Amino acid sequence: MSLRDQLRIMVVDDMSTSRGLITQALDSLGISNVSAAADGKTALQTIARAPVHMVISDYNMPGMDGLELLAELRKGPRTAKVGFLLITGRADRSIIEKGKSLGMNNFLKKPFEANQLKAAIEAMVGRL
Numbered sequence: 409m410s411l412r413d414q415l416r417i418m419v420v421d422d423m424s425t426s427r428g429l430i431t432q433a434l435d436s437l438g439i440s441n442v443s444a445a446a447d448g449k450t451a452l453q454t455i456a457r458a459p460v461h462m463v464i465s466d467y468n469m470p471g472m473d474g475l476e477l478l479a480e481l482r483k484g485p486r487t488a489k490v491g492f493l494l495i496t497g498r499a500d501r502s503i504i505e506k507g508k509s510l511g512m513n514n515f516l517k518k519p520f521e522a523n524q525l526k527a528a529i530e531a532m533v534g535r536l
C-alpha cells in the first residue's frame with residue numbers, strides 16, 4: 409500500500425470553495441482519505457475522534473486562525489506530532505516566523521497549483 413493510500417489529511421478552511429479546491433487537488437494527487445472542517449474548533453473535535461497524519465489549514469479564519477489551531481494541536485499529546493501545512497494569501501514574514509516557532513512544518517501561498525501542493529506535502533512526508 410502506497411503512502412498516498414495511507415495518508416489521512418484534515419482540510420480546515422472557513423470557505424467551502426477553498427475546502428473544495430484543496431480536496432480536489434488532493435484527489436488529483438491520488439490522496440482520497442481526506443476529511444474537512446469549516447473551523448479550528450470543529451477540526452480539533454474531529455481529530456480527537458479520528459486522528460490524522462496531517463492538517464492543511466487556512467490562516468485567516470474567524471474564531472480560531474490557523475496558527476491558533478496549530479498551537480492547540482501542538483499542546484495535545486496525541487496531536488503534537490501531526491504534520492501542519494498552513495495555506496495563506498498573506499505569507500507575511502511575521503506569520504511564517506510565528507508558524508515556524510509553533511512547529512509549522514510547511515506553508516503554501518494562495519493561489520497555488522496542485523503540483524505546488526504536492527511538493528509542499530512531499531517536503532513533509534516524502535515521495536507520494
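To convert, take the position in the sequence shown, counting from 1, and add 408; that gives our numbering. From the three backbone atoms N, C-alpha and C, an ideal C-beta is built for every residue, glycine too. The model shown is predicted, which means the values in this text are computed figures rather than measured ones.
So, helix, strand or coil for residue 415, using DSSP?
-> If you number the sequence shown from 1, residue 415 lands on position 7. Coil.
Report yes or no: do the stretch 419 to 426 and the stretch 446 to 457 share at least 3 C-beta pairs separated by less than 8 angstroms?
-> Flag = yes, the stretch 419 to 426 and the stretch 446 to 457 touch.
With DSSP as the reference, please indicate the residues paired to residue 420 in a beta bridge.
-> Within the sequence shown, numbered from 1, the residue matching residue 420 stands at position 12. 445, 465, per the DSSP bridge assignment.
Member of 504, 535, 516 whose CA lies at the smallest distance from the CA of residue 464 = The count along the sequence shown starts at 1 and reaches residue 464 at position 56. Selected option, being the one with the closest Cα: 516.
When the Cα of residue 441 is compared with those of 508, 467, 410, which residue comes out closest?
-> As a working mapping, residue 441 is identified with position 33 in the sequence shown. Residue 410 is the option with its Cα nearest to residue 441.
Using a Cβ cut-off of 8 angstroms (strictly closer), state whether residue 515 contacts chain D.
-> Absent here is chain D; the protein component of the structure consists of one chain.
Report buried or exposed for residue 532, applying the criterion of at least 16 other Cβ atoms within 10 angstroms of its Cβ.
-> The residue given as residue 532 occupies position 124 in the sequence shown. Classification of residue 532: exposed, given that the 10 Å Cβ count is below 16.
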